[in-house]
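Participant:
2 protein chains.
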Amino acid sequence: MRADLPVLPGPRLDLSAPDVARAVDAAALLSDRTRAGILRMLRDGPHCVCEMAAALGERENNVSNHLARLREAGLVRASRHDANARFQYYERDEAAIKAAGDALRGVLG
Amino acid sequence: MRADLPVLPGPRLDLSAPDVARAVDAAALLSDRTRAGILRMLRDGPHCVCEMAAALGERENNVSNHLARLREAGLVRASRHDANARFQYYERDEAAIKAAGDALRGVLG
DNA sequence: TTGACATCTCAGTCATTCTTGAGACATTCT
DNA sequence: AGAATGTCTCAAGAATGACTGAGATGTCAA
Numbered sequence: 000m001r002a003d004l005p006v007l008p009g010p011r012l013d014l015s016a017p018d019v020a021r022a023v024d025a026a027a028l029l030s031d032r033t034r035a036g037i038l039r040m041l042r043d044g045p046h047c048v049c050e051m052a053a054a055l056g057e058r059e060n061n062v063s064n065h066l067a068r069l070r071e072a073g074l075v076r077a078s079r080h081d082a083n084a085r086f087q088y089y090e091r092d093e094a095a096i097k098a099a100g101d102a103l104r105g106v107l108g
Numbered sequence: 000m001r002a003d004l005p006v007l008p009g010p011r012l013d014l015s016a017p018d019v020a021r022a023v024d025a026a027a028l029l030s031d032r033t034r035a036g037i038l039r040m041l042r043d044g045p046h047c048v049c050e051m052a053a054a055l056g057e058r059e060n061n062v063s064n065h066l067a068r069l070r071e072a073g074l075v076r077a078s079r080h081d082a083n084a085r086f087q088y089y090e091r092d093e094a095a096i097k098a099a100g101d102a103l104r105g106v107l108g
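Residue numbers (numbering that gives the first Met the number 0), protein chains in the order written: chain Z, 0 to 108; chain Y, 0 to 108.
Structure representation (structure tokens):
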């Protein structure tokens, strides 16, 4: 099961650094329990802040902070509810989500 | 393009927190430029520490530290070179890599 | 054996990020 | 209008994680 090792002598010192910036950014957003939970919950459809805060056991201002980061990254967008505009309903931007997944797949293969 | 919002009144306060622990762990490992670069380079086959350190422009002990974390997570394994056992050649554990990708896909969909 | 090389470990320092708390704004209800 | 609700912002404290530096281990070459 072990791969063949390169012929010696001499390690290759001419390798170039791979471009992983986009994957790293995507991973950083997913590396927080609250943000990952948000993105997972939004797979099932839009939710407002208070719903997600209650489900995650987090304060609403904290969830709002994380949503701001996801918004700035373009992964989610918000819109007020038609019938009761107090509620901000969040939904995923599936194109951006897909781009993030592609970037991660570029690293994991 | 906007999804339908749930009927009001009343946000749902009975939602449960999704289990994202594995995805968060995988993302945390990928959220560092050095570790992501390592995993990307190892897609092309095994490399020793000094090769990767040179390519990434990082010190060897730093790369070694990151490799230790990837090793403890089971994503890579090391073996000494047959002809020159000074070199530790690292390769990916593709099964573990796939598991990490599956966990991330569980969040991103 | 001695010296050079490749790698590893670990503690200390530094930077980044998360959470909290207080306050502000907009919307709805009475 | 005033009170209550849902959300947002931002500064400050708390926690987490990366990098450095020094030293130790194991391997090869002279």
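Using N, Cα and C, we set each Cβ at its ideal position, and we do this for glycine too.
#1: So, at 7 Å on beta carbons, what are the nonlocal neighbours of Ala25 (chain Z) in its own chain, with the 5 sequence-adjacent residues on each side left out?
#2: Based on the DSSP output, what are the partners of Cys47 (chain Z) in its beta bridges?
#3: Restricting to Cα atoms, I'd like to know which of Y:His65, Y:Arg34, Y:Arg70, Y:Asp13 is closest to Met40 (chain Z).
#4: Residues of chain Y with CB under 7 Å from Val106 (chain Z), in chain order?
#5: Got a sec? Which residues, its chain only, sit under 8 Å from Leu74 (chain Z) by beta carbon, not counting five neighbours each side?
#6: Tell me, to the nearest whole angstrom, how far the beta carbon of Gly105 (chain Y) is from that of Ala52 (chain Y); I am working on the premise that it is less than 8 Å.
#7: With a CB to CB cut of under 7 Å and the five nearest residues on each side skipped, what residues in its chain are close to Ser63 (chain Z)?
#8: Compare the C-beta of Val62 (chain Z) against all C-beta atoms of chain Y and say whether one is closer than 8 Å.
#9: For Ser78 (chain Y), which residues does DSSP report across the bridge?
#10: When the Cα of Arg58 (chain Y) is compared with those of Y:Leu69, Y:Arg68, Y:Ala82, Y:Thr33, which residue comes out closest?
#11: For Leu103 (chain Z), return the contacting residues in chain Y, with the cut-off set at a CB-CB distance below 7 Å.
#12: At a CB-CB cut-off below 8 Å, which residues of chain Z make contact with Val23 (chain Y)?
#13: Under 9 Å between beta-carbons, which chain Y residues line up against Gly100 (chain Z)? List them in chain order, please.
#14: If you check the beta carbons only, do Gln87 (chain Y) and Ala72 (chain Y) fall under 8 Å apart?
Facilitator: Checking against the coordinates, here is how it stands:
#1: These residues qualify, in order along the chain: Ala99, Ala102, Leu103.
#2: Per DSSP, the beta bridge partners of Cys47 (chain Z) are Z:Tyr88.
#3: If we check each option's Cα against that of Met40 (chain Z), Y:Asp13 comes out closest.
#4: In chain order, Leu29, Ala35, Leu38, Arg39 make up the part of chain Y whose C-beta sits under 7 Å from the C-beta of Val106 (chain Z).
#5: Once the five neighbours on either side are set aside, the close Cβ partners of Leu74 (chain Z) are Leu28, Leu38, Arg91, Asp92, Ala95, Ile96, Ala99.
#6: At roughly 33 Å, the Cβ-Cβ gap does not stay under 8 Å, so Gly105 (chain Y) and Ala52 (chain Y) are not in contact.
#7: Val48, listed in sequence order.
#8: Between Val62 (chain Z) and chain Y, the shortest Cβ-Cβ separation is not below 8 Å.
#9: Per DSSP, Y:Tyr88.
#10: Comparing C-alpha distances from Arg58 (chain Y) to each of Y:Leu69, Y:Arg68, Y:Ala82, Y:Thr33 shows the shortest one belongs to Y:Thr33.
#11: Per Cβ cutoff of 7 Å: Leu29, Leu103.
#12: Leu29, Ser30, Asp31, Arg32, Ala35, listed in chain order.
#13: Per Cβ cutoff of 9 Å: Leu103, Arg104, Leu107, Gly108.
#14: Not a contact, by the Cβ cut-off of 8 Å.
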